[in-house]
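K.L.:
Have a look at this one.
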Amino acid sequence: MRNVTLILGAGASFNYKAPLMKDFYRVAIELFTTENNKNLIDHYKVVFSFMDLLQKSQAKANLDLHNVEQVYTALEMARMLNLENLKVKGVSWARMEESMRYFLTKTIESRVKLPISDNFYKPVRDYDEPMFLDGGSTNEDLAQAIEHVTTLKELGWGVTIITFNYDLVIESLLATHGLEADYGLGSERLSPFTSVPLLKLHGSINWERKDRIIHAYKYFEKGKRIGSTNPMFHVDSSHNVITSFSENIVPFVIPPVWNKSNYQSQLSNVWRRAAASLSQTSHLYAAGYSL
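Each residue of the sequence shown is one higher than the one before, counting from 493 in this note's numbering.
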């Protein structure tokens, strides 16, 4: 059987406004100075306070404080070594990690706009605003790639998508073709005829860990409609979907740190399926690595 595997990096979501790591700090500053959201302000203050402490103590270190990966790694190491000089006054290590996770997921959610699918309630559209149709313009590379693999699926190919991204861009594009995302979490079995394996190796903003089980809040599910009062999703007047998971749950994501071994064991089913897919694939494509 012919099998195709598509591997997607951070740049794959760029056309849907997802910030790249090099732009992350700038986008976060914009949010911090313009948003009237107490939760956001409180969490971002903790992160920026930690950055200030890093700046004061990095005389013998070479850290780029505008690089969220390096800042998150510094927090992990400071917590592991219990470096009190890097602990924000009056804030626990657990709270600092929670704020950093919120900082990461909220900044992504604040910018990403997803194409709508038929299972969403649609408000009256404002035609003065831009709109994504079926994943953007016909020249949009990622939308074309997803359309291509769904066509291969219809022709009997085995299709698997592997991604390191937290956002729901792929889920939204699959939904425009009436397909669900099979995350490989092991908690449910989906029909191979109406789903595509989407293996998110670093977690997802719509995943939540409860009682040692990772639960996914679906973007698209056959036969179910997402209403206008769902707190996780908002459809704007341009019919773009905006997500709000970071305000309602603690998303299960593996942070961009040097040591991921503490997290990977919790996604062993996902990583195992990804390894199996790569070992069986006949056609391998990678995209989205322009960081």
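All residues carry an ideal CB built from backbone N, CA and C; glycine is no exception.
Since this is a predicted model, take the numbers as computed values, not measurements.
Keeping to the same chain, check which residues put their C-beta closer than 8 Å to that of Met513; ignore five residues upstream and five downstream.
P.N.:
Correct list, in chain order: Ala502, Asn559, Val560, Glu561, Pro748, Leu783.
K.L.:
Can you give me the Cβ contacts of Ile600 inside the same chain, cut-off strictly under 8 Å, excluding the 5 residues immediately before and after it?
P.N.:
These residues qualify, in order along the chain: Ala510, Pro511, Tyr658, Asp659, Ile697.
K.L.:
For a quick check, are the C-beta atoms of Ser683 and Leu606 less than 8 Å apart?
P.N.:
Result no, Cβ atoms of Ser683 and Leu606 do not sit closer than 8 Å.
K.L.:
Using alpha carbons as the reference points, say which of Ala667, Lys702, Gly678, Tyr564 lies closest to Phe612.
P.N.:
Comparing Cα-Cα distances from Phe612 to each of Ala667, Lys702, Gly678, Tyr564, the minimum goes to Ala667.
K.L.:
Identify which residue in Tyr564, Thr526, Tyr777 has its Cα closest to the Cα of Val538.
P.N.:
Among Tyr564, Thr526, Tyr777, the Cα nearest to that of Val538 is on Tyr564.
K.L.:
Taking 8 Å as the threshold (C-beta atoms), are Val727 and Ile608 in contact?
P.N.:
Contact: yes.
K.L.:
Go through its chain and collect everything with a Cβ distance to Val762's Cβ below 8 Å, but skip five positions before and after it.
P.N.:
Cβ neighbours of Val762 beyond the five flanking positions: Tyr675, Gly676, Leu677, Leu691, Lys692, Leu693.
K.L.:
Which word fits Leu500, buried or exposed, when buried means at least 16 other C-beta atoms lie within 10 angstroms of its C-beta?
P.N.:
Buried.
K.L.:
Over what stretch of residues does the alpha helix (DSSP H) that includes Asp544 continue unbroken?
P.N.:
Per DSSP, Asp544 belongs to the alpha helix (DSSP H) from 530-549.
K.L.:
In this structure, does DSSP put Asp515 in helix, strand or coil?
P.N.:
Correct three-state label for Asp515: helix.
K.L.:
If we call anything under 8 Å between Cβ atoms a contact, is Ala637 one with Leu498?
P.N.:
Yes, Cβ-Cβ distance for Ala637 and Leu498 is below 8 Å.
K.L.:
Looking at the structure shown, is Phe685 part of a helix, part of a strand, or coil, going by DSSP?
P.N.:
DSSP places Phe685 in coil when its eight states are reduced to three.
K.L.:
Is it right to say Gly780 is buried, meaning 16 or more other beta carbons lie within 10 angstroms of its own, or is it exposed?
P.N.:
Gly780 should be labelled buried.
K.L.:
In three-state terms, what does DSSP make of Arg593?
P.N.:
It is helical.
K.L.:
Under 8 Å, with one C-beta from each stretch per pair, do the stretch 717-734 and the stretch 568-588 reach the 3-pair mark?
P.N.:
At 8 Å Cβ cutoff, the stretches do not touch.
K.L.:
Taking all protein chains shown into account, decide if Ser629 is buried (16 or more other Cβ within 10 angstroms of its Cβ) or exposed.
P.N.:
Legend: pLDDT at Ser629 = 39, less than 50; position of this residue unreliable, value from coordinates given subsequently. Its Cβ having fewer than 16 others within 10 Å, Ser629 is exposed.
K.L.:
Tell me the DSSP secondary structure of Glu680 in three-state form.
P.N.:
The answer is coil: DSSP assigns Glu680 none of H, G, I, E or B.
K.L.:
So Ser687 and Asn495 are in contact, right, with Cβ under 8 Å, and what is the actual spacing, rounded?
P.N.:
Their Cβ separation, rounded to whole angstroms, is 16 Å, which puts Ser687 and Asn495 out of contact at 8 Å.
K.L.:
Between the stretch 529-546 and the stretch 577-591, do three or more beta carbon pairs fall short of 8 Å?
P.N.:
Touching, per the Cβ criterion.
K.L.:
Alpha carbon to alpha carbon, how far is Ile705 from Arg717? Give it in angstroms, no decimals.
P.N.:
Answer to the nearest angstrom: the Cα atoms are 25 Å apart.
K.L.:
Going by the DSSP bridge assignment, what does Thr668 pair with across the sheet?
P.N.:
None, per the DSSP bridge assignment.
K.L.:
With 16 other CB atoms within 10 Å as the buried threshold, where does Glu621 fall?
P.N.:
At Glu621, the pLDDT of 46 sits below 50, so the modelled position is not reliable; the number obtained from the coordinates is stated separately. Flag for Glu621 reads exposed.
K.L.:
At which residues does the alpha helix (DSSP H) containing Trp763 begin and terminate?
P.N.:
Counting along the chain, the alpha helix (DSSP H) containing Trp763 begins and ends at 760-772.
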